[in-house]
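Asker:
2 protein chains.
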Amino acid sequence: MKVFSVAGITQSGKTTTIENIIRELRKRRYSVGSVKEIHFEQFAIDTEGTNTHRHKNAGSQLVTARGYHETDILFQNKLDIDHILSFYNHDFVVLEGVDDYDVPKIISAHNEEEVLERMDDLVFAISGRISNTIDELQGLPAINSMENIEKLVDLIEEKVYDKLPAFPEECCNECGYSCRELGSMILKGKAKREECVLENTKVKLQIGGKDIKMVPFVQNILSNAVLGVVSELEGYMKGKEISIHIE
Amino acid sequence: MKVFSVAGITQSGKTTTIENIIRELRKRRYSVGSVKEIHFEQFAIDTEGTNTHRHKNAGSQLVTARGYHETDILFQNKLDIDHILSFYNHDFVVLEGVDDYDVPKIISAHNEEEVLERMDDLVFAISGRISNTIDELQGLPAINSMENIEKLVDLIEEKVYDKLPAFPEECCNECGYSCRELGSMILKGKAKREECVLENTKVKLQIGGKDIKMVPFVQNILSNAVLGVVSELEGYMKGKEISIHIE
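Here it is in structure tokens:
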């Protein structure tokens, strides 16, 4: 699953850029999901007086509204992006205005100043109103999504890599980088997505049907805990693959 | 996770009954979630013009709105109740107006006729406006949730069992019943929740593709060894099934 974000202030053309990107990605037959960060203290999707709102006010801690054509699951807290992405299974996911998650990033801006404020090593393109006046800034292409969406989406196809695990820096480092640094090196063409050692993992864990990523150190602990028990059982053969299912 | 439903037509006092139940369950320190079925063709929680609505219209197939105090995951189809319940991890979940899922049921009604229309072997109580005039119907207690919520929630605590697997009839039948029939027998006091054999085969092990039989004692050792590690990992959720594969 390839995840990228579009960052920028209100009225910079962010949502328009995203609409154009989503349309073009769908045109190219990809499945697409999106996450919109809402920077508005009073935001509430459900309104006073609905039955779901009455459930919540009575104390229901997770309310779902199921209609004929949609199902809305209303969590009463700000979920981590990793938790949110666990509900997705799409070729591409676009994040709008999310700034606490390290993925390749397009900056949408009115002018140079706004770009420079948001510039970092994960930016791979510039778009929004500024792209009406310039084609390039600090070596990065500025592409107008109204006039040149094919070029922008070509770049997304070229640059955006399968989501890295997003472990904290102190936790893995097996590839020689933090996850964020590896991402930045991939964007620069100095590293490959396959360098993430978790691709080659020998111990796989699923909970409730969802993959749980483990750094090699934790994989070893789990593997040793399992072997400690099963190697005593009749039928155990060293080197054979082991599957365990706990309901 | 104990799941039950409240069924009945509009204005029968269904949502009021549910509000009172949720409040009382929370007062008794249970965690509670709920699902509201919306029988209204045009229902849409998101409205024209919002940025999330623009994402959807551009072709985003799963849109999430993340605010400071809530996260709303907006699926664009009617999800199965089993799929919806996979997001829950609460002591009790109340379903309002859901009629395609076999769980213990309270009927909310204006009058006898409405009760009889909805009566089946999973009904364990009657509530709503009818409970202003009668105390009992066909051997089932009619309880007013405004005046007697303690009695109604005592009954919920007594009757509602941990959700059964909801396998199709032809699929398991190991206990001698379909899942629905077992539920009905539990409500009548003629069977116990523990008769569901899936309770007793919790740990499965394969080595080199072959099933390794374990006595319950060894199943517990292996299960505890695994849980000792994985319960510390991010993404772990109590009660969810765990799969491990070691190459």
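Going down the list, the protein sequences come from chains C and B. Under full-length UniProt numbering, the first residue of the first sequence is numbered 1, with each subsequent residue one higher. Under full-length UniProt numbering, the first residue of the second sequence is numbered 1, with each subsequent residue one higher. Even glycine gets a Cβ: it sits at the ideal position worked out from N, Cα and C. In this text the structure is predicted, and so the values were computed from the model without any measurement.
1) If distances are taken between C-alpha atoms only, which option among 230(B), 150(B), 182(B) comes closest to residue 24(B)?
2) Report, in whole angstroms, the separation of the C-beta atoms of residue 31(C) and residue 18(C), which I expect to be a contact under 8 Å.
3) Using a Cβ-Cβ cut-off of less than 7 Å, list which residues of the segment 229 to 241 of chain B approach chain C; keep chain order.
4) Where DSSP assigns a beta bridge to residue 162(B), which residues make up the other side?
5) Hey, out of 111(C), 157(C), 120(C), 8(C), whose CA is closest to residue 135(C)'s CA?
6) Anything in the segment 165 to 182 of chain C with a Cβ closer than 8 Å to a Cβ of chain B? List those residues in chain order, please.
7) So residue 184(B) is in the alpha helix (DSSP H); what residue range does that whole segment cover?
8) Using a Cβ-Cβ cut-off of 7 Å (strictly less than) and excluding sequence neighbours within five positions of residue 98(C), which residues of its own chain qualify?
9) Taking its Cβ as the centre, do 16 or more other Cβ atoms sit within 10 Å of residue 71(C), making it buried, or is it exposed?
10) Let me confirm a value: residue 144(B) is counted as buried when at least 16 other C-beta atoms fall within 10 Å, else exposed. Which label applies?
11) Identify the continuous beta strand (DSSP E) that holds residue 245(C) and give its terminal residues.
12) Between residue 189(C) and residue 104(C), which are expected to be in contact by the criterion C-beta below 8 Å, what is the C-beta distance as a whole number of angstroms?
13) Along the beta strand (DSSP E) that carries residue 33(C), what are the first and last residues, could you check?
14) Tell me whether residue 108(B) sits in a helix, a strand or coil according to DSSP, three-state version.
15) If you drop the 5 nearest sequence neighbours on each side, which residues of the same chain put their C-beta closer than 8 Å to that of residue 212(B)?
16) Chain C partners of residue 159(B), CB-CB under 7 Å?
17) Run down chain B in chain order and give the residues with a C-beta less than 8 Å from the C-beta of residue 214(C).
18) Between residue 110(C) and chain B, is there a C-beta pair that is closer than 8 Å?
19) So residue 167(B) packs on residue 175(B), CB below 8 Å; how close in whole Å?
20) May I have a chain-ordered list of the alpha helix (DSSP H) segments no shorter than 4 residues that lie completely inside the segment 96 to 143 of chain B?
21) In three-state terms, what does DSSP make of residue 65(B)?
22) In three-state DSSP terms, what is residue 47(B)?
23) Just tell me which of 58(B), 62(B), 20(B) has its CA closest to the CA of residue 26(C).
24) Measure the CB-CB distance between residue 45(C) and residue 109(B) and report whether it falls below 8 Å.
25) Should residue 128(C) be flagged as near chain B, meaning a C-beta pair shorter than 8 Å?
26) Per DSSP, which one or two residues make a beta bridge with residue 94(B)?
27) Take every Cβ of the segment 77 to 96 of chain B, pair it with every Cβ of the segment 232 to 240 of chain C, and state whether three or more of those distances are shorter than 8 Å.
28) Less than 7 Å between the CB of residue 177(C) and some heavy atom of the ligand FAD, yes or no?
29) How is residue 203(C) classed by DSSP in three states: helix, strand or coil?
30) Given that a residue counts as buried once 16 or more other Cβ atoms are within 10 Å of its Cβ, and exposed if not, what is residue 39(B)?
31) Any Cβ of chain B within less than 8 Å of the Cβ of residue 61(C)?
32) Show which residues of chain C have a CB atom less than 7 Å away from the CB atom of residue 44(B).
33) Just confirm the distance between the C-beta atoms of residue 246(C) and residue 226(C), as a whole number of angstroms; I'd bet it's less than 8 Å.
Answerer: Reading off the structure:
1) Considering only 230(B), 150(B), 182(B), the residue with the shortest C-alpha distance to residue 24(B) is 150(B).
2) Between residue 18(C) and residue 31(C) the Cβ distance is about 16 Å, and since that is not below 8 Å, they are no contact.
3) Those would be 229, 230, 233, 235, 236, 237, 240, 241, in chain order.
4) 2(B)
5) 111(C)
6) none
7) 179 to 187
8) If we look at residue 98(C) and ignore the five residues flanking it on each side, its Cβ neighbours are 5, 35, 37, 81.
9) buried
10) buried
11) 242 to 246
12) Approximately 13 Å separates the beta-carbon atoms of residue 189(C) and residue 104(C); this is outside 8 Å, ruling out the contact.
13) 32 to 37
14) strand
15) 205, 206
16) In chain order: nothing, as chain C lies at least about 20 Å away.
17) 233
18) no
19) Actually they are not in contact, since the Cβ atoms of residue 167(B) and residue 175(B) sit about 11 Å apart, beyond 8 Å.
20) Counting only runs of 4 or more, we get 112 to 118.
21) strand
22) coil
23) 58(B)
24) no
25) no
26) 4(B), 34(B)
27) no
28) Among the ligands in the structure shown, none appear at all, so the ligand FAD cannot be discussed.
29) strand
30) Classification for residue 39(B): exposed.
31) yes
32) 70
33) About 11 Å; that fails the 8 Å criterion.
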